[in-house]
Structures are given as C-alpha cells and as structure tokens.
Amino acid sequence: WILSKSELEFSDRMQLQLPESSAEGDVDGSSLFGLAGGCCFDFSPHETHLFLVGTEEGKIHKCSKAYNTEYLETYEGHTMAVYTVRWSEFNEKVFISCSADWSIKLWDHERKEALFSFDLDNQVGDVAWAPWSSTTFAACTADGKVHVYDLNENPHEPVCEQKV
Numbered sequence: 001w002i003l004s005k006s007e008l009e010f011s012d013r014m015q016l017q018l019p020e021s022s023a024e025g026d027v028d029g030s031s032l033f034g035l036a037g038g039c040c041f042d043f044s045p046h047e048t049h050l051f052l053v054g055t056e057e058g059k060i061h062k063c064s065k066a067y068n069t070e071y072l073e074t075y076e077g078h079t080m081a082v083y084t085v086r087w088s089e090f091n092e093k094v095f096i097s098c099s100a101d102w103s104i105k106l107w108d109h110e111r112k113e114a115l116f117s118f119d120l121d122n123q124v125g126d127v128a129w130a131p132w133s134s135t136t137f138a139a140c141t142a143d144g145k146v147h148v149y150d151l152n153e154n155p156h157e158p159v160c161e162q163k164v
C-alpha cells in the first residue's frame, strides 16, 4: 500500500499459484483457475524481504519481495486452511502457524518439516507469540478457549487453558 495525497493505492506483491499437479484440467477456462487462496501473511521482522503466506489448501509459502512469480519454499504440515502465520521476534529462523486442522506448528524456515506440533482438539483461529518471551505463545480455539504454552516449562502441554 502506498499513501499518495489523499488516496491509498495498492500494488500486487504476488499471485499465489497452485502447484501444477493441482492446476491441471481447466474445464471452464476461468482466468482464476490455478490460483491459490491466501488466508494470512506475515513479514519477517529480521529479513524484511521475506514473508510467509498461509493458504486455504493448508500450505505455507515462504516468499521474497524480490521474486513475484515463485516461492522460495513450501511447507506442507497442515491438512486444512492455515489461519495465521507469525515470525518470532526473538529468533530469525522460527515461525509459528495455526490451522483449521486443530493444530499449531512450530517451524524453522530452513527446514521443510515442523519442529513441534500441538493438537488442540478444535479449530485454532489465531496464534501469537508473547512479546516478553521467546518460548511463550497463546492460541485461541473455536470452542472459546485460550491456550498458553511455554516451551521452557512444558513443551507438550499448555501452562494455562482458559475459557473466555
């Protein structure tokens, strides 16, 4: 987005493409065929040219502002829509994601597999890092609960679970 005079103007950074195997068979000739649906994105606070995009297909794409036609990496750990991706403010390699598949996943952007996976027994609508700790994050689920994890305390169970 660019603010010029009294207008806010946008420019496309990238059009998300489905993998070629998913994009075969354009029956109706639709111009949108082969485009993926983006649900969320986050820019790296450490490397400002990098950003992550979570898709309806459950994939996370690492992208660069320098390349608008291809992904740097694709992470395939979720089986349903990815609702949130967030880079860690403390560790430049780490990001977290949550999905409709009831899971939160912790990633190192240099590895294709998730480092940790947490099953919350309900759709996870959002996840956020704590601003004071590199190992603490909170997530909210569709059943109205907030789950707080501290990986230093217990990497397998939440330290707090509260109905809101």
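If you count the sequence shown from 1, position 75 lands on 75 in full-length UniProt numbering, and the numbers rise without skipping. Just so it is clear, CB atoms sit at the ideal spot from N, CA and C, and this is done for glycine as well.
So the candidates are the options; which of them puts its Cα closest to the Cα of residue i?
i, options, result
"TYR83", "GLU57, VAL94, SER117 and LEU115", "GLU57"
"PRO131", "GLY125, ALA114 and ASP150", "ASP150"
"THR136", "GLU153, LYS145 and ASP126", "GLU153"
"TRP107", "VAL124, VAL148, GLN123 and LYS62", "LYS62"
"GLY125", "VAL146, HIS49, SER44 and GLU161", "VAL146"
"THR45", "SER88, THR55, TYR71 and CYS39", "This sequence places Pro at residue 45; Thr is not what is there. That would be SER88, whose Cα lies nearest to the Cα of PRO45."
Roughly how many angstroms separate the alpha carbons of residue i and residue j, rounded to a whole number?
i, j, result
"LYS65", "PHE51", "8 Å"
"residue 184", "ALA142", "The chain is shown only over 1 to 164; residue 184 falls outside these bounds and no answer can be derived."
"ASP26", "ASN91", "Interpretation of ASP26 is limited by its pLDDT of 49, a score under 50 that renders its predicted location unreliable; the figure taken from the coordinates is listed afterwards. Rounded to the nearest angstrom, the two C-alpha atoms are 42 Å apart."
"HIS109", "SER103", "18 Å"
"SER99", "PRO155", "19 Å"
"ARG111", "LYS105", "13 Å"
"LYS163", "LYS5", "46 Å"
"GLY37", "SER133", "32 Å"
"PHE118", "VAL159", "13 Å"
"VAL53", "GLU161", "28 Å"
Which two residues bound the contiguous beta strand (DSSP E) that contains residue i?
i, result
"LEU106", "103-108"
"PHE90", "That residue, PHE90, is in no beta strand (DSSP E); it is neither H nor E in DSSP."
"GLU57", "Unbroken run through GLU57: none, as it is neither H nor E."
"VAL146", "145-150"
"residue 167", "The structure shown has nothing for residue 167, since the chain only spans 1 to 164."
"GLY77", "Careful: GLY77 lies outside any beta strand (DSSP E) and carries neither H nor E."
"TRP129", "124-129"
"LYS163", "160-163"
Give me, in chain order, the residues of the same chain whose beta-carbon lies closer than 7 Å to that of residue i; leave out the 5 immediate sequence neighbours on both sides.
i, result
"ARG86", "ASP42, PHE95, ILE96, VAL127, ALA128 and TRP129"
Just to confirm my understanding: we take residue i, look at its own chain, exclude 5 residues before and 5 after, and list those with CB closer than 6 Å. What are they?
i, result
"ASP101", "HIS78, THR79 and MET80"
Determine, using beta carbons only, whether residue i comes closer than 7 Å to chain B.
i, result
"ASP101", "You won't find chain B in this structure, because it holds only one protein chain."
In chain order, what residues of the same chain lie with their CB nearer than 8 Å to the CB of residue i, ignoring the 5 residues before and after it?
i, result
"ALA138", "VAL127, ALA128, ALA130, VAL146, HIS147, VAL148 and TYR149"
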